[in-house]
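Engineer: Sharing a structure here in structure tokens format.
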Amino acid sequence: MQDKDIPIEDALSSLINLSGKMRMLSHRLAMAGLQAVHAGDRRAVALYKSALTEFEEIWETLRRGSPALGIPKEAALLLAQTGALPREDVETVSRFLREAQQMALTLEEKGRSTCGNSFSELVYFVAEDVLGALNRITEGVGQTLKGCLEERSEKERQSRDTMLAAARAVSEVSAKVKLISLNATIEAAHAGDSGKGFAVIASEIRSLSEDAAHSTAQIMKHLDHTG
0 MQDKDIPIED ALSSLINLSG KMRMLSHRLA MAGLQAVHAG DRRAVALYKS
50 ALTEFEEIWE TLRRGSPALG IPKEAALLLA QTGALPREDV ETVSRFLREA
100 QQMALTLEEK GRSTCGNSFS ELVYFVAEDV LGALNRITEG VGQTLKGCLE
150 ERSEKERQSR DTMLAAARAV SEVSAKVKLI SLNATIEAAH AGDSGKGFAV
200 IASEIRSLSE DAAHSTAQIM KHLDHTG
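Take the sequence shown: its letters are residues 0 to 226, numbered as in numbering that gives the first Met the number 0.
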């Protein structure tokens with residue numbers, strides 16, 4: 000178990016992988032179920048139940064997040080807000096889970112002889128409806144992630160532009176202060192001994208101005224390289 004939630008973008012990337020895994024699990028359910036019904040293989044029943052449990056866990060994560068995986072509920076809420084989980088596809092997957100869960104109980108309690116026709120219908124349901132719903136859900140999660148990345152990129156660009164404008168403004172002020180300090184130094188020299196104290200102050204101001212200009216140049220250089 001992770002100690003804290005991962006960033007939304009990372010959570011959505013994980014959800015893309017998980018939603019893709021659901022397609023594989025639906026195939027596994029179908030194949031294991033067929034093996035259990037037609038060959039009476041108890042290992043296939045166990046594989047069917049294992050795949051069903053994992054499918055349920057992933058579906059719950061998509062709908063509500065998962066503390067165990069560090070995926071915040073905000074990521075799941077974002078999927079709902081962006082329409083990444085269309086209502087008709089949610090209904091399709093929910094129906095699939097109900098029928099698959101009922102089939103698991105039937106296999107366990109009544110045996111394979113009572114499952115033949117019902118399971119054939121479930122397999123067709125997977126092929127004709129469930130896989131399509133899962134494909135759209137995976138695509139929807141991907142679109143949500145794309146939107147988040149574009150939004151973050153735009154915020155970073157705006158932040159960079161703000162920092163660059165501020166650095167330029169500081170640079171302009173520094174240049175003006177340096178010019179004023181130079182003029183003050185000249186005036187102090189004209190004043191002779193009485194202007195020595197003022198000359199020292201002017202020198203300090205010029206030094207601070209040069210330090211500010213140097214720091215600003217470094218910031219602008221960094222922004223140019225990261226732009």
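In this text, a Cβ means the ideal position worked out from N, Cα and C, and glycines have one as well.
Does Ile5 come out as helix, strand or coil in the three-state DSSP assignment?
Structural biologist: Coil at Ile5, not helix or strand.
Engineer: Any idea if Met102 is buried or exposed, counting beta-carbon neighbours within 10 angstroms, 16 or more meaning buried?
Structural biologist: Flag for Met102 reads buried.
Engineer: Using C-beta distances below 6 Å, list every residue in its chain close to Ile15, excluding the 5 sequence neighbours before and after it, in chain order.
Structural biologist: Contacts found: Val140 and Gly141.
Engineer: For the alpha helix (DSSP H) containing Thr248, name the first residue and the last one.
Structural biologist: The structure shown has nothing for residue 248, since the chain only spans 0 to 226.
Engineer: From Asp9, Arg156, Ser152 and Glu150, pick the residue whose C-alpha is nearest to that of Ala74; which is it?
Structural biologist: Comparing Cα positions, the closest option is Asp9.
Engineer: Less than 8 Å between the CB atoms is what I'm expecting for Ile70 and Ile136, so what's the real figure, rounded?
Structural biologist: Not quite, the Cβ-Cβ distance comes to about 15 Å (not below 8 Å), so this is no contact.
Engineer: Check whether the Cβ atoms of Phe118 and Val36 sit closer than 8 Å, and answer yes or no.
Structural biologist: Yes, these two residues count as a Cβ contact at 8 Å.
Engineer: Ordered along the chain, which non-local residues of its own chain (more than five positions away) have a Cβ less than 8 Å from that of Lys72?
Structural biologist: Within the same chain, Lys72 has close Cβ partners Arg63 and Gly64.
Engineer: Do Met30 and Leu133 have their CB atoms nearer than 8 Å?
Structural biologist: Not in contact: Met30 and Leu133 (Cβ atoms no closer than 8 Å).
Engineer: Quick check: the Cα distance between Ser93 and Ala126, rounded to an integer number of angstroms?
Structural biologist: About 15 Å.
Engineer: Leaving aside the five residues before and after Ala50 along the sequence, list all residues of the same chain whose C-beta is less than 7 Å from its C-beta, in chain order.
Structural biologist: Only Leu24, Arg27, Leu28 and Ala31 meet the Cβ criterion.
Engineer: For Val122, which of Asp88, Gln80 and Leu96 has the nearest alpha-carbon?
Structural biologist: The candidate whose alpha carbon is nearest that of Val122 is Leu96.
Engineer: Nearest by alpha-carbon distance to Leu104: which of Gln34, Ser12 and Tyr47 is it?
Structural biologist: Measuring from the Cα of Leu104, the nearest candidate turns out to be Tyr47.
Engineer: Use the C-beta contact count for Ser18: other C-beta atoms within 10 angstroms, 16 or more gives buried, fewer gives exposed.
Structural biologist: It counts as buried.
Engineer: Measuring CA to CA, which of Leu144, Asp128, Ala99 and Thr52 is closest to Leu77?
Structural biologist: Comparing Cα-Cα distances from Leu77 to each of Leu144, Asp128, Ala99 and Thr52, the minimum goes to Leu144.
Engineer: Rounding to the nearest angstrom, what Cα-Cα distance links Leu68 and Thr60 in this structure?
Structural biologist: Looking at the two C-alpha atoms, the distance is approximately 9 Å.
Engineer: Is the separation between the beta-carbon of Asp129 and that of Thr91 shorter than 8 Å?
Structural biologist: First, the residue type needs correcting, since residue 129 is Val and not Asp in the sequence shown. Yes; because the gap between Cβ atoms is below 8 Å, this pair is in contact.
Engineer: Please return the same chain residues whose Cβ sits closer than 8 Å to the Cβ of Ser13, not counting the five positions on each side in sequence.
Structural biologist: Cβ within range, chain order: Ile5, Leu68 and Ile70.
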